[in-house]
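For reference, the structure discussed in these notes is given below.
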Amino acid sequence: MTAMSLLALLASSFAAFAAYRLYVTYTLRLTAQQHGCQPAARYKHKDPVFGLDVFLRTGDAIAKNQFLVEHQRRYDTYGHTFEALNFGSRAISSIHPENLRAVFSKNAADWGVQPLRLHNMSPFCGTGFITTDGADWKVSHDLLKPGFHRSNISDFGPLEEHLHILLQQVPKDGSKFDLQPYILRLYLDLNTLFLFGEPIGMLSGTPPSHAEGFLDAFQAGFQGCGIRIALGPLNFLMPKGAWLKACDKVHKFANVYVDRAIEYRNKINSDEPSQDKAKRRTLLFNMAQATADRTVLRNQAVQAMMAATETTASLVSHVIRNLASHPTIAAQVRAEVLAVSDKPLDFDELPQIKSLQHVITESMPANIWLYTERYR
38 MTAMSLLALL ASSFAAFAAY RLYVTYTLRL TAQQHGCQPA ARYKHKDPVF
88 GLDVFLRTGD AIAKNQFLVE HQRRYDTYGH TFEALNFGSR AISSIHPENL
138 RAVFSKNAAD WGVQPLRLHN MSPFCGTGFI TTDGADWKVS HDLLKPGFHR
188 SNISDFGPLE EHLHILLQQV PKDGSKFDLQ PYILRLYLDL NTLFLFGEPI
238 GMLSGTPPSH AEGFLDAFQA GFQGCGIRIA LGPLNFLMPK GAWLKACDKV
288 HKFANVYVDR AIEYRNKINS DEPSQDKAKR RTLLFNMAQA TADRTVLRNQ
338 AVQAMMAATE TTASLVSHVI RNLASHPTIA AQVRAEVLAV SDKPLDFDEL
388 PQIKSLQHVI TESMPANIWL YTERYR
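Following this line, the structure appears as structure tokens:
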């Protein structure tokens, strides 16, 4: 290829890119006008072409465990909705209630997560309700839904039992300690009990042999998904060896319970009666009644654990922190809970504790990447 040919190719590529950007910009502006949308505030980039400065700053925040702080700082600077560049593509971040309502409810069918998540996350958790849209999402949703029947999630006995284990580990001398790791272990045990039929002993410190190293592998696999998404088209830069090893560890852990669920399914299909109510309340055993595909069952189980474990533990930690920071509100909640007396708590009673419901609602963070990233 001659120098002139190379120059012509570069010029043509640049012209095509410029024409594409102009078309996208025009289309977006036209759509915005049709819906009465105002232009979003623009992030002040040091790199106005690709926005690499935001990428580097985000990466630094993640490395320092300050991602949410950095994200909040941007909202404080630019307001509830702003636009930034992500490797040359426009990305809009918003915490405005009307925008969130449009994306998650009113116009949810127009938005999706599959282009962002499936490729980056599938080595860890495969195809499921977290990584897909449309018909594929509905298949996963229909598979999971029967397991969340009220009769399967209304027993608070396991919560009380594991909470007692947690309280036994709290220092009795009044010294300061970090409660958050205990809360994470609490919900790991509760969620694995619901998902797989047995807790993995994180609170008691006695995990079964196949669960050794699982928590570290799960967190490494989950974090690797986030890094791949953050890297975007440069995700090939992330070293894969340790990440894929963590993914494999998680798969082997889940497969133990998948095999048990399929064995239970075969017993039922052979007309062998089962009186094990705990298994009938287990999510994985419920899903196994609809399919015996090991990969499908494993993917759904891992994604269910992703959605439940750290999310619930983070929310409960945030609630406790907020109550500790506002003693007057804490006293109000305590008084209302004590007024319930010895009556057993259930799905009808819990919503009646209004102050507790308000505290939980106010403590819910709305800027967690797993739930707010949407493509259109």
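Every letter in the sequence shown is one number past the one before it in the numbering used here, and letter 191, counting from 1, is 228.
Don't be surprised by glycine CBs; every beta carbon is placed ideally from N, CA and C.
#1: Taking the C-alpha atoms as reference points, what is the distance between residue 228 and residue 366?
#2: Look up residue 216 in the DSSP assignment and say whether it is helix, strand or coil.
#3: Identify the continuous beta strand (DSSP E) that holds residue 127 and give its terminal residues.
#4: Around the C-beta of residue 226, are 16 or more other C-beta atoms found within 10 angstroms, so that it is buried, or is it exposed?
#5: If we require 4 or more residues per run, which alpha helix (DSSP H) segments fall completely within the segment 160-187?
#6: Give a yes or no on contact between the segment 118-135 and the segment 76-83, applying the rule of three or more CB pairs nearer than 8 Å.
#7: So, is residue 337 buried or exposed, given that buried needs 16 or more other C-beta atoms within 10 angstroms?
#8: From the DSSP output, read off the bridge partner residues of residue 197.
#9: From the DSSP output, which residues share a beta bridge with residue 79?
#10: Between residue 106 and residue 352, what straight-line distance do the alpha-carbon atoms span, to the nearest angstrom?
#11: Whole angstroms is fine: what's the gap from residue 187's alpha carbon to residue 253's?
#12: Out of 280, 245, 246, 153, which one is the CA nearest neighbour of residue 260?
#13: Just verifying my parser: in three-state terms, what is the DSSP assignment at residue 149?
#14: Indicate whether residue 320 and residue 255 have their beta-carbon atoms separated by less than 7 Å.
#15: CA-CA distance, residue 83 and residue 69?
#16: Within 8 Å, do at least three Cβ pairs link the segment 293-307 to the segment 321-330?
#17: Which same chain residues end up closer than 7 Å to residue 247 when comparing Cβ atoms and leaving out the 5 residues on each side of it in sequence?
#18: Between the Cα of residue 233 and those of 318, 57, 134, spot the shortest distance and give me the residue it belongs to.
#19: In angstroms with no decimal places, state the Cα-to-Cα distance between residue 127 and residue 100.
#20: Quick check: the segment 334-350 against the segment 160-180, are there 3 or more CB pairs under 8 Å?
#21: Got a sec? Which residues, its chain only, sit under 8 Å from residue 381 by beta carbon, not counting five neighbours each side?
#22: Would you identify the three-state DSSP class for residue 381, choosing helix, strand or coil?
#23: What do you reckon, are the CB atoms on residue 149 and residue 173 nearer than 7 Å?
#24: Does the beta-carbon distance from residue 184 to residue 306 come in below 7 Å?
#25: Taking only runs that begin and end inside the segment 267-326, name each unbroken alpha helix (DSSP H) of 4 or more residues, in chain order.
#26: Would you say residue 397 lies against chain C (beta-carbon separation less than 7 Å)?
#27: Helix, strand or coil for residue 39 per DSSP?
#28: Tell me whether residue 346 is buried or exposed, calling it buried when 16 or more other Cβ atoms sit within 10 Å of its Cβ.
#29: Which of the three DSSP states is assigned to residue 95 in this structure?
#30: Start and end of the alpha helix (DSSP H) containing residue 355?
#31: Have a look at 130, 278, 384 and flag the residue whose alpha-carbon is nearest the alpha-carbon of residue 112.
#32: Would you mind giving the Cβ-Cβ distance between residue 400 and residue 373, rounded to the nearest angstrom? I have them listed as a contact below 8 Å.
#33: So, with DSSP's three-state summary, where would you put residue 240?
#34: State the Cα-Cα distance for the pair residue 385 and residue 396, rounded to the nearest angstrom.
#35: For the alpha helix (DSSP H) holding residue 114, just list the boundary residues, first then last.
Taking the coordinates as given:
#1: Within the sequence shown, the letter at position 191 stands for residue 228. Within the sequence shown, the letter at position 329 stands for residue 366. Approximately 29 Å, taken between the alpha carbons.
#2: Within the sequence shown, the letter at position 179 stands for residue 216. Reduced to three states, the DSSP call for residue 216 is coil.
#3: On the sequence shown, position 90 is the one that residue 127 refers to. First-last of the beta strand (DSSP E) with residue 127: 126-131.
#4: As a working mapping, residue 226 is identified with position 189 in the sequence shown. Counting Cβ neighbours within 10 Å, residue 226 comes out buried, since at least 16 surround it.
#5: 171-181
#6: yes
#7: For this step, residue 337 is matched to residue 300 along the sequence shown. Flag for residue 337 reads buried.
#8: For the purposes of this step, residue 197 is taken as residue 160 along the sequence shown, with counting starting at 1. None, per the DSSP bridge assignment.
#9: Here the question's residue 79 lines up with position 42 in the sequence shown. Bridge partners of residue 79: 120.
#10: Mapped onto the sequence shown, residue 106 falls at position 69. Mapped onto the sequence shown, residue 352 falls at position 315. Roughly 16 Å between the two C-alpha positions.
#11: Locating residue 187 in the sequence shown gives position 150, where the first residue counts as 1. Locating residue 253 in the sequence shown gives position 216, where the first residue counts as 1. So the alpha carbons of these two residues sit roughly 32 Å apart.
#12: As a working note, residue 260 is residue 223 in the sequence shown. Looking at the Cα atoms, 280 is the closest of the given residues.
#13: Counting from 1 along the sequence shown, the entry for residue 149 is found at position 112. Of the three classes helix, strand and coil, the one that applies to residue 149 here is strand, per DSSP.
#14: As a position in the sequence shown, residue 320 is number 283, starting the count at 1. As a position in the sequence shown, residue 255 is number 218, starting the count at 1. No, Cβ-Cβ distance for residue 320 and residue 255 is not below 7 Å.
#15: Residue numbering aside, residue 83 sits at position 46 when the sequence shown is read from its first letter. Residue numbering aside, residue 69 sits at position 32 when the sequence shown is read from its first letter. Distance between the alpha carbons of residue 83 and residue 69 is about 26 Å.
#16: yes
#17: Walking along the sequence shown from the start, residue 247 turns up at place 210. Excluding positions up to five away in sequence, the list reads 290, 293.
#18: In the sequence shown, the residue the question calls residue 233 occupies position 196. Selected option, being the one with the closest Cα: 318.
#19: On the sequence shown, residue 127 is found 90 positions in, with the first residue counted as 1. On the sequence shown, residue 100 is found 63 positions in, with the first residue counted as 1. In a straight line, the C-alpha of residue 127 is about 24 Å away from that of residue 100.
#20: yes
#21: By 1-based counting over the sequence shown, the position of residue 381 is 344. Closer than 8 Å at Cβ, skipping near neighbours: 193.
#22: The count along the sequence shown starts at 1 and reaches residue 381 at position 344. Residue 381 falls in the coil class under three-state DSSP.
#23: As a working mapping, residue 149 is identified with position 112 in the sequence shown. As a working mapping, residue 173 is identified with position 136 in the sequence shown. No. Outside cutoff.
#24: The sequence position of residue 184 within the sequence shown is 147, counting from 1. The sequence position of residue 306 within the sequence shown is 269, counting from 1. No, Cβ-Cβ distance for residue 184 and residue 306 is not below 7 Å.
#25: 278-306, 314-317, 320-324
#26: The structure shown contains no chain C, having only a single protein chain.
#27: By one-based count along the sequence shown, residue 39 stands at place 2. The answer is coil: DSSP assigns residue 39 none of H, G, I, E or B.
#28: Start at 1 with the first residue of the sequence shown, and residue 346 comes out as number 309. With 16 or more other Cβ atoms within 10 Å, it is buried.
#29: Looking up residue 95 in the sequence shown gives position 58. Reduced to three states, the DSSP call for residue 95 is helix.
#30: Here residue 355 corresponds to residue number 318 of the sequence shown, with the count starting at 1. Run containing residue 355: 331-362, per the alpha helix (DSSP H) assignment.
#31: Mapped onto the sequence shown, residue 112 falls at position 75. Nearest option by C-alpha distance: 130.
#32: The residue given as residue 400 occupies position 363 in the sequence shown. The residue given as residue 373 occupies position 336 in the sequence shown. The Cβ separation is near 16 Å, so there is no contact.
#33: As a first step, residue 240 must be located in the sequence shown, where it is residue number 203. Residue 240: coil per DSSP, three-state reduction.
#34: Position 348 of the sequence shown, counting from 1, holds the residue named residue 385. Position 359 of the sequence shown, counting from 1, holds the residue named residue 396. Going from the Cα of residue 385 to the Cα of residue 396 covers about 18 Å.
#35: Numbered from 1 along the sequence shown, position 77 holds the residue referred to as residue 114. Its alpha helix (DSSP H) spans residues 104-115.
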